[in-house]
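Those sequence lines, one after another, are chains D and V.
Mapping the first sequence onto my numbering, position 252 (from 1) lands on 252, and the numbers just tick up by one.
With the second sequence counted from 1, adding 453 to any position gets you my numbering.
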Amino acid sequence: MFQKILIANRGEIAVRIIRACREMGIKTVAVYSEADKEALHTQLADEAICIGPAPSTESYLNMERILSATIAAKADAIHPGFGFLSENSKFVEMCQKCNITFIGPSADMINRMGNKSEARRTMRSAGVPVVPGTKEPVYEAEEGKKIADEMGYPVMIKASSGGGGKGMRICEKEELFCENFRTAQMESVRAFGDHTMYIEKYIVHPRHIEFQILADKFGNVIQLGERDCSIQRHHQKLIEESPSSSLTPQLRKEMGKMAVHAAKAAGYENAGTVEFLLDQDDHFYFIEMNTRIQVEHPVTEMVSGIDLIKEQIMIAAGYPISKKQEEIHLNGHAIECRINAEDPKRNFMPCPGVIEGLHLPGGFGVRIDTAVYGGYEIPPFYDSMIAKVIVHDKDRISAINKMRSTLGELILEGVVTNLDFQYEILNNEDFQRGKISTDFIPEHFPSDSLNRD
Amino acid sequence: MAKLKNLFKKTNYISIGRNVEEKQEQKTPSVPEGLWVKCPKCGEPIYKEDVRENFYVCPKCQGYFRIKTKTRIRMVADTGTFEPWFEDLEEKNPLQYPGYEAKLEELREKTHIKEAVTIGKCKIDGEEAVLGVCDARFLMASMGYVVGEKITRAIERATKLRLPVILFCCSGGARMQEGIVSLMQMAKTSAALKRHSDAGLLYISVLTDPTTGGVTASFAMLGDVILAEPGALIGFAGPRVIEQTIGEKLPEGFQRAEFLLEKGIIDGIIERSKLKNTLSKLIRYHKIDYRTVMFEKKKGKEEIVIDETKEISAWEHVEISRSAKRPASLDYIERIFNGFMELHGDRSFRDDGAVVGGIALIDGQPVTVIGQQKGKNTKENLVRNFGMVSPEGYRKALRLMKEAEKFRRPIINFVDTPGAACGIGAEERGQGEAIARNLKEMFGLKVPVLSILIGEGGSGGALALAVANEVWMMENATYSILSPEGFASILWKDGKRAKEASEVMKITAKDLKELGIIECIIPEQEPADLENIEEIAAYMKQRIKQFLYDCSKKTPKQLQEERYDRFRKM
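See below:
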């Protein structure tokens, strides 16, 4: 087992990892930027090393400094958390060369799953359903139309180099295909000088369903149920819950099996997430695999009773997963709301500031993962998420009620947050009835959707 | 409670999961030798792999590492094509300098190269060339007998084989241990380059960090094209020597590549990642004679006729030609040509932003393109000076035209200037002389010259780029002895009567065609702007190709004669 772990991250996830280490009797080393001298993770860890100026490129992304800090502190492993270096295969390679254990999958695995088209290929050949689409690039509208006709409308026309909605068109009908294709292609040529296009099936009102998996060195792979992360704004998740209200026990079993199969097909090790899109007819499609611990991991912890961070550390140290699949029993319902220091009235602009007054609610089934404290100054350089509020109760309605009660008690003075926005979502009838999809936010909060793109 | 410092209890906890039988097989964390290298510029440790992949440029500060001969050859030459020449020249010790031979021997062992320069034949993207590389690890790549001799012999052989020469320069200067013999290498290498140049052959020098002393004052500065790596120190006297001599601190950036570019000494700064491609492109640009046309002559040329019913007054033409919306030279260059490679500087005083010039392709045919460039806004005009060219701008244009002539490449000039730059500096540096010299020298050019007036054709400042075989004008361009304001103020003592003046001055394309001052009018259905420029550029391109095709049938003598007769009639 590791004697000392360096946490290459900041904020609530760093705190979360420090706590897990402490509970395991492992010493912790925090790294911090000049802007994070007063941060909770810096103060909480057994040791803390400053790794550079505030901009993350010079601190939390500076691989050389983080490795030097690890060696100087004589830590034997690095936990990367999420974001920053957590999916940087070069960093994993460098750790290996320096005899430092990276708590996560291998560099090769990160590369293979990070490359979306390769990940899709791996999954397709393993028999995991993926969103139907062209394998080869398409250059001509007529050629594309044939494929689209076969696939069935609506389809998504995507530029290979596309991004930010450029070179992307949703085509609803056959008659419009050629025109849509040409405009998308033209956009791509203008913006990126590339006329390589792909076509894939456009899934209407999909749900974002992801499965938490754990895999160890010994080939054991288990899944800990799903998380429904359909409540998103610009691909940014806002509310996550487990279980999903839209899965029947049968479908859950089927998807869970497929997730384990996918992880096995990839030869995965450590904690990971297999993401699917679920359409309205209960067809599900693999979209990608995340090779890190995720922000929303607490909801799975609440329903499964498994501490995912501890499992990650044990797996990295060469131990088998602590439980077998048949020992996993999912209980009740958990919901997480992400609290961000941002202003929903001003296009969700980040609003850093000083936490002048703070009241954190508590009680049975209430968990708050945060790195803020009274008097803390949120630095403007990093992600705006300042707290995750997680509740656990016997069923979805009870959990929603508990979350509303908890958010009502949460007081964060001095900074503007999305707390009220979260409250509005929880009060929404469609949300309460479980009528959600990734289009939920643009549909129910159209003023926000006007701000899109 | 603003500070949490030392408030948390950090007691020892019970370790779990630690099995007594657990083997401690993991080695202690440490950084293996050579995993990181230290950047010589910013001092940061960097992953060696990153440096190698990034062409030995620091991914953090973009600072350039000095590189070994082997690495440089690998970066520039096609794999396996480099064949070294004259590797076994015998060293000389003319001063009988003690320990010199032993020092050389030691360096040969350490660096695995025979001398400070390695030279030979190779292919660059398939183009044959003689490539020489200086290596700073070898006595600061100072030039002694062997370095000078190797370079000289290689140039002589290149002349015989009619190959281009590319030298990667880097040097502390002449080699002190060889005294006056070293000094003579400067003359010797220059002599060989003169013959190579007289044979009409290409030499490109690439200045790398640091290029100083006798090497700067000889082969480094003699390239037809002189390129430099970003941030390279380039100078004759070293900065420390200068500081001691003048007793002053030198400003930041002094003698760096960027400084030389601004001062008009070098043609361009090229990043390492683009170096190979730039070199092979330049070789190709210098290979093709104007008489070898790279495209077919199009039959049944579609002539766009000028709409005679439009009634636009001369003054309206003046206003259109001056409009801020009117496309500038670079807008046309971008659309008519591909692969435009801009070359900078007059090689003596400054790079004038009011003139742009370089080499580009028109359907595969290399041409030298020069244009007076107006800015689109105040910021751009700080560099472009509203298209008002200074003496160094005319000298840059002439230098590029002479370069074109040497390599038998056609010249296309875009004229757009309110007039030559007017001011103290311009007069101090001989504005009149610069214009006059262009007029005279352009008559001698042995290649086709075409000038197109795209906006304002203001006086001598315009004419200095318009001594051509043919002069064309866009429908809304003007060409005049001076501005209508100036005309009114000289003749009528009233600058405000400019509008009236414009009507009597005969400055429109139509008037000038009638007067026989120009050959052709490029029609504009609507005044040219960035919306309709594509169409106009396409038409211009087609006309330019016709012109080039027709000229390809003419001898240099004919071209000179035609140009002479054209103006002789006026």
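No residue lacks a Cβ here, since even glycine has one placed at the ideal position from N, Cα and C.
Item to check | V/Glu474 versus D/Asp194: straight-line alpha-carbon distance, rounded | outcome: With a pLDDT of 49 at V/Glu474, under the threshold of 50, the predicted position of this residue should be treated as unreliable, though the coordinate-derived value follows. Distance between the alpha carbons of V/Glu474 and D/Asp194: 59 Å.
Checklist entry - Can you check whether the CB of V/Asp799 is closer than 8 Å to the CB of V/Lys849? => result yes
Item to check | Cα-Cα separation between D/Thr183 and D/Gly167, rounded to whole angstroms | outcome: 8 Å
Checklist entry - Looking only at C-alpha atoms, which of V/Gly913, V/Gly811, V/Asp720 and V/Lys829 sits nearest to V/Pro844? => result V/Gly913
Checklist entry - Which chain V residues are close to D/Gln43, counting only those with a beta carbon under 7 Å from its beta carbon? => result Leu457, Lys458 and Phe461
Item to check | Contacting residues, own chain, Cβ-Cβ under 8 Å from D/Met63 (five flanking each side not counted) | outcome: Leu85, Asn88, Lys90, Phe91 and Met94
Checklist entry - Going by beta carbon distance, what residues of the same chain come within less than 7 Å of D/Glu296, once the five residues before and after it are set aside? => result Arg227, Cys229, Lys237, Glu240 and Glu336
Next on the checklist: Quick check on the burial criterion: 16 or more other C-beta atoms within 10 angstroms. Buried or exposed for V/Trp925?
Outcome noted: buried
Checklist entry - Alpha carbon to alpha carbon, what distance is there between D/Pro105 and D/Leu412? => result 37 Å
Next on the checklist: Is there a Cβ of chain V sitting closer than 8 Å to that of D/Glu490, yes or no?
Outcome noted: Absent from the model: residue 490 of chain D. The displayed extent of chain D is 1 to 453, so no value can be given.
Checklist entry - Within the 8 Å Cβ cut-off, does V/Pro704 reach chain D? => result no
Checklist entry - Looking at chain V, which residues of the region 6-33 of chain D have a Cβ within less than 8 Å of any of its Cβ atoms? => result Arg22, Glu23, Met24, Gly25 and Ile26
Item to check | Which listed residue (D/Gly357, D/Thr438 and D/Pro379) has its alpha carbon closest to that of D/Pro350 | outcome: D/Pro379
Next on the checklist: Tell me which residues of the region 351-382 of chain D have at least one Cβ-Cβ distance to chain V shorter than 7 Å, keeping chain order.
Outcome noted: Tyr373, Gly374 and Gly375
Checklist entry - When you compare only the Cα positions, how much space is there between V/Lys829 and V/Gly885? => result 28 Å
Checklist entry - Using DSSP with H/G/I as helix, E/B as strand and the rest coil, what is V/Ser904? => result strand
Item to check | Sequence-distant residues of its chain with Cβ nearer than 7 Å to V/Lys1006 (five each side left out) | outcome: none
Item to check | chain V within 8 Å of D/Glu269, Cβ atoms only | outcome: no
Next on the checklist: Just verifying my parser: in three-state terms, what is the DSSP assignment at D/Ser160?
Outcome noted: strand
Item to check | Contact set between V/Lys480 and chain D, taken where Cβ atoms lie within less than 8 Å | outcome: Asn99
Next on the checklist: Can you pull the chain D neighbours of V/Ile986, defined as C-beta to C-beta under 7 Å?
Outcome noted: Per Cβ cutoff of 7 Å: no residues; V/Ile986 is ~16 Å from chain D at best.
Next on the checklist: Along the chain, where does the alpha helix (DSSP H) containing D/Asn180 start, and where does it finish?
Outcome noted: Phe177 to Phe192
Item to check | In chain order, each alpha helix (DSSP H) run of at least 4 residues that lies wholly inside the region 851-899 of chain V | outcome: 877-881 and 884-897
Item to check | Among D/Arg19, D/Ile13, D/Asp282 and D/Glu443, nearest to D/Gln232 - alpha-carbon criterion | outcome: D/Glu443
Item to check | Delimiting residues of the alpha helix (DSSP H) encompassing D/Met123 | outcome: Lys116 to Ser125
Next on the checklist: At a CB distance below 9 Å, what residues from the region 62-75 of chain D approach chain A? Give them in sequence order.
Outcome noted: In summary, chain A is missing from the structure at hand, where the protein chains are D and V.
Item to check | Members of the region 90-117 of chain D that neighbour chain V once the beta carbon cut-off is set at 8 Å | outcome: Lys90, Met94, Lys97, Cys98, Asn99, Ile100 and Thr101
Checklist entry - Between V/Asp428 and V/Glu984, what straight-line distance do the alpha-carbon atoms span, to the nearest angstrom? => result Past the boundaries of the shown model lies residue 428 of chain V; chain V is included only from 454 to 1023, so the question cannot be answered.
Next on the checklist: Tell me whether D/Thr28, by its Cβ, gets closer than 7 Å to a heavy atom of the ligand MG.
Outcome noted: The model on display carries no ligand, and the ligand MG is accordingly not part of it.
Next on the checklist: Beta-carbon within less than 8 Å of V/Met958's beta-carbon, same chain only, minus the 5 sequence neighbours each way: which residues are those?
Outcome noted: Ala767, Ser933, Ile934, Pro937 and Phe940
Checklist entry - Taking only runs of the alpha helix (DSSP H) that begin and end inside the region 2-29 of chain D, which ones reach a length of at least 4 residues, in chain order? => result 11-23
Item to check | Range covered by the beta strand (DSSP E) that runs through D/His474 | outcome: It is not possible to answer for residue 474 of chain D, since the shown part of chain D is limited to 1 through 453.
Checklist entry - Does DSSP classify V/Tyr1002 as helix, strand or coil? => result helix
Checklist entry - DSSP state of V/Tyr1017, grouped into three classes? => result helix
Item to check | Classification of V/Val758 by the beta-carbon crowding that lies within 10 angstroms, buried from 16 upward | outcome: exposed
Next on the checklist: Please tell me whether V/Ala813 and V/Phe793 are closer than 8 Å, where the distance is taken between their beta carbons.
Outcome noted: yes
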